[in-house]
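Beneath this line is the structure, given in structure tokens, with notes to follow.
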Amino acid sequence: SSVPQRVKDNLYKYELLSGCVFVGHINTDLDSVSGAIGAAELYGGIAARAQQDVNTEILWALERWGLELPPLVTDIPDLANMKVCLVDHNQFSQTPKGVQEDQIVGVIDHHATQAGTIQTSNPIYFDIRPWGSMSTILAHTFMRQRQIIPQPVAGMLMSAILSDTLNFRSPTATETDKIVVSALAKITEVEDIDKYAQAQFKAKSRMIDLFSSAELVRGDQKRFNFKTEALNGKSAWNGAFGWGTLECVDIKPVVARAEEIIKECAALKSEQGLEFFFFTAVNIIDQRSMLFVCGDLEVEIAERAFGGKVSNGLLDLGSRVSRKMQFVPDTMKCLNDPEWQPSRQARLHTKVQQEQKHAPLVVDPEKGLDGQLVRKDSILSPNRKVQHVPRHNTVALGALMFVVGGGLGFVLGRRNST
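This is the structure we're talking about:
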């Protein structure tokens, strides 16, 4: 039978997604911004960003391809009455404030669904594929639908794929990612993908010099829920843990700041009510990672999950580089092991850490190029003017991050980067 005209007419623009606001997750990365830009171009809608300002890698890519930063989602007029499609995430806890669950009509993502995946009263567009980047999905859809990808959009999608797959060195990378990037390189006229990726990663690594430990720890942080059963004398245990990651081209400057970073990890763990928290510095060139460990419970879990011994709050993770494919799955496997449970002493230590009070976070305008997020007790002069960061929602601190130093980093605070 012939294809109905209505289906033909809707070949390239799905009605459900047409006119949507496309927005990524808080703690915004390049894939979520590129994905919003690409989806808005493909389906017809508005690209938006989830937080006020963004990291150095995103700014580099936007400048490289001559695009403006998408508007902040909460600044979009009449947002409450618009349809929304989530890109690069499916957990409502990662969706920016201002978006209601009943507005969501679509999800385009490459992450696993979990207990916190959005719940809707009506069927929605749901496109989740096990590829290394959400931008791979969009580029593939462009090509499958025989749609022309504008060169700037192709450049952003290519950058996002290279970022998420660490230039195909991450275990999350797939053959599809490689094929799609090859096609995008043709569109963008990028002859040397490796050279392009190196320039991009160098821009991303500038965060180390520009950020305080509070900013580094929160820059790319995700929260995970867990629940273990009472088996073989093992007590039931449930809660949440956090994992922050910093990708760089040299781990040594990060390790040199281990003491302050570990201290900040413990503070974040308390403020967000987490059972445990890990932070990893990933060398995206050498494909090596270092784990920062802030408590007794973290020590026991890390040594059980990854092997080796924690020394001075650090554990060499070797060639493991992926939070999605390695760090979190190995941790979950440890937690669900019926033959293992953390010691009572470690659990008590976590309780002590959770109850510990820390000085509030403030923006100190005299640090960094344009201010840094610091603990108030680290400011020597009592007369110095600082901007206080609300304590009531420390989980969302990453969503408040903004550009510092003329657009070369991000801290919490006060500047409009657009």
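Just so you know, the sequence shown maps onto residues -13 to 404 in this note's numbering. The C-beta atom is built at its ideal place from N, Cα and C for all residues, glycine as well. Computed from a prediction, not measured in an experiment: that's the story for all the values here.
Backbone CA spacing between residue i and residue j [nearest angstrom]
{"i": "Lys337", "j": "Phe292", "result": "24 Å"}
{"i": "Leu3", "j": "Met142", "result": "21 Å"}
{"i": "Met193", "j": "Glu43", "result": "9 Å"}
{"i": "Cys234", "j": "Gln184", "result": "11 Å"}
{"i": "Thr214", "j": "Ala222", "result": "5 Å"}
{"i": "Val279", "j": "Phe210", "result": "17 Å"}
{"i": "Pro116", "j": "Gln339", "result": "37 Å"}
{"i": "Gly5", "j": "Leu65", "result": "12 Å"}
{"i": "Glu177", "j": "Glu161", "result": "19 Å"}
{"i": "Leu148", "j": "Asn108", "result": "35 Å"}
{"i": "Leu359", "j": "Gly205", "result": "12 Å"}
{"i": "Ile62", "j": "Ala216", "result": "48 Å"}
{"i": "Ser145", "j": "Ala47", "result": "7 Å"}
{"i": "Tyr0", "j": "Lys362", "result": "50 Å"}
{"i": "Glu257", "j": "Ile134", "result": "47 Å"}
{"i": "Thr151", "j": "Asn41", "result": "18 Å"}
{"i": "Asp15", "j": "Phe128", "result": "22 Å"}
{"i": "Ser329", "j": "Gly294", "result": "18 Å"}
{"i": "Leu383", "j": "Asn322", "result": "Confidence in Leu383 is poor, its pLDDT being 38 and thus under 50, which makes the residue's placement unreliable; the coordinate value appears in the next sentence. For Leu383 and Asn322, the distance between alpha carbons rounds to 30 Å."}
{"i": "Glu245", "j": "Gln273", "result": "23 Å"}
{"i": "Ile287", "j": "Asp316", "result": "10 Å"}
{"i": "Ala171", "j": "Gln137", "result": "10 Å"}
{"i": "Phe112", "j": "Thr106", "result": "11 Å"}
{"i": "Asn153", "j": "Asp163", "result": "10 Å"}
{"i": "Leu303", "j": "Leu277", "result": "7 Å"}
{"i": "Ala253", "j": "Thr60", "result": "29 Å"}
{"i": "His97", "j": "Gly118", "result": "9 Å"}
{"i": "Gln80", "j": "Gly102", "result": "9 Å"}
{"i": "Asp236", "j": "Val268", "result": "8 Å"}
{"i": "Val167", "j": "Ile12", "result": "26 Å"}
{"i": "Val348", "j": "Met120", "result": "34 Å"}
Exposed unless 16 or more other CB atoms sit within 10 angstroms - verdict on residue i
{"i": "Pro82", "result": "buried"}
{"i": "Gln342", "result": "exposed"}
{"i": "Gly219", "result": "exposed"}
{"i": "Ala208", "result": "The amino acid at residue 208 is misidentified as Ala; the sequence shows Lys. Flag for Lys208 reads buried."}
{"i": "Asn224", "result": "exposed"}
{"i": "Lys181", "result": "exposed"}
{"i": "Ala345", "result": "exposed"}
{"i": "Lys190", "result": "buried"}
{"i": "Lys238", "result": "exposed"}
{"i": "Ser156", "result": "buried"}
{"i": "Pro324", "result": "exposed"}
{"i": "Gln331", "result": "exposed"}
{"i": "Arg132", "result": "exposed"}
{"i": "Asp88", "result": "exposed"}
{"i": "Gln37", "result": "buried"}
{"i": "Gly230", "result": "buried"}
{"i": "Lys255", "result": "buried"}
{"i": "Gly228", "result": "buried"}
Assumed close pair residue i, residue j - CB separation to whole angstroms, cut-off 8 Å
{"i": "Glu284", "j": "Phe262", "result": "5 Å"}
{"i": "Ile110", "j": "Asn76", "result": "Not really, about 11 Å apart at Cβ, beyond 8 Å."}
{"i": "Ser275", "j": "Arg306", "result": "6 Å"}
{"i": "Leu232", "j": "Val240", "result": "6 Å"}
{"i": "Ala22", "j": "Gly10", "result": "6 Å"}
{"i": "Ile165", "j": "Leu124", "result": "Not quite, the Cβ-Cβ distance comes to about 14 Å (not below 8 Å), so this is no contact."}
{"i": "Cys251", "j": "Val203", "result": "6 Å"}
{"i": "Ala140", "j": "Thr174", "result": "5 Å"}
Bridge partners - residue i, DSSP secondary structure assignment
{"i": "Val307", "result": "Paired residues: none, contrary to the question."}
{"i": "Val93", "result": "Leu72, Phe112"}
{"i": "Cys6", "result": "Gly31"}
{"i": "Met276", "result": "Ala267, Asp302"}
{"i": "Gln358", "result": "Asp350"}
{"i": "Lys213", "result": "Asn224"}
{"i": "Phe262", "result": "Phe227"}
{"i": "Leu170", "result": "According to DSSP, Leu170 bridges with nothing at all."}
{"i": "Ser297", "result": "Leu300"}
Of the residues the options, the one placed nearest residue i, counting alpha carbons only
{"i": "Leu72", "options": "Asp64, Ala332, Asp17, Asn322", "result": "Asp17"}
{"i": "Arg130", "options": "Ala169, Ala98, Phe154, Asp39", "result": "Ala169"}
{"i": "Phe187", "options": "Thr162, Gln37, Ile270, Phe265", "result": "Ile270"}
{"i": "Leu334", "options": "Asp282, Asn322, Ala226", "result": "Asp282"}
{"i": "Pro57", "options": "Ala34, Val9, Lys255", "result": "Ala34"}
{"i": "Thr266", "options": "Leu260, Ser199, Phe212", "result": "Ser199"}
{"i": "Ala159", "options": "Asn322, Lys69, Thr122, Thr174", "result": "Thr122"}
{"i": "Phe8", "options": "His126, Val70, Glu245, Lys310", "result": "Val70"}
{"i": "Val91", "options": "Phe227, Asn67, Val348, Gly118", "result": "Asn67"}
{"i": "Glu201", "options": "Lys353, Leu301, Ile173", "result": "Lys353"}
{"i": "Leu28", "options": "His126, Val268, Pro351", "result": "His126"}
{"i": "Gly299", "options": "Lys249, Val85, Ile12", "result": "Lys249"}
{"i": "Asp39", "options": "Ala26, Val19, Ile247", "result": "Val19"}
{"i": "Gln319", "options": "Leu347, Arg290, Leu301, Ser308", "result": "One detail in the question is off: residue 319 reads as Lys in this sequence, not Gln. Here the closest residue by C-alpha is Arg290."}
{"i": "Ile408", "options": "Phe197, Val167, Gln327", "result": "Residue 408 cannot be examined here, being either before or after the span of the chain that is shown, -13 to 404."}
Residue i: CB within 7 Å of a non-hydrogen atom of the ligand NAP
{"i": "Ala171", "result": "Questions concerning the ligand NAP fall outside what the structure shown contains, since it holds no ligand whatsoever."}
CB contact check: residue i to chain B, cutoff 8 Å
{"i": "Phe263", "result": "Structure shown: chain B not included; a single protein chain is present."}
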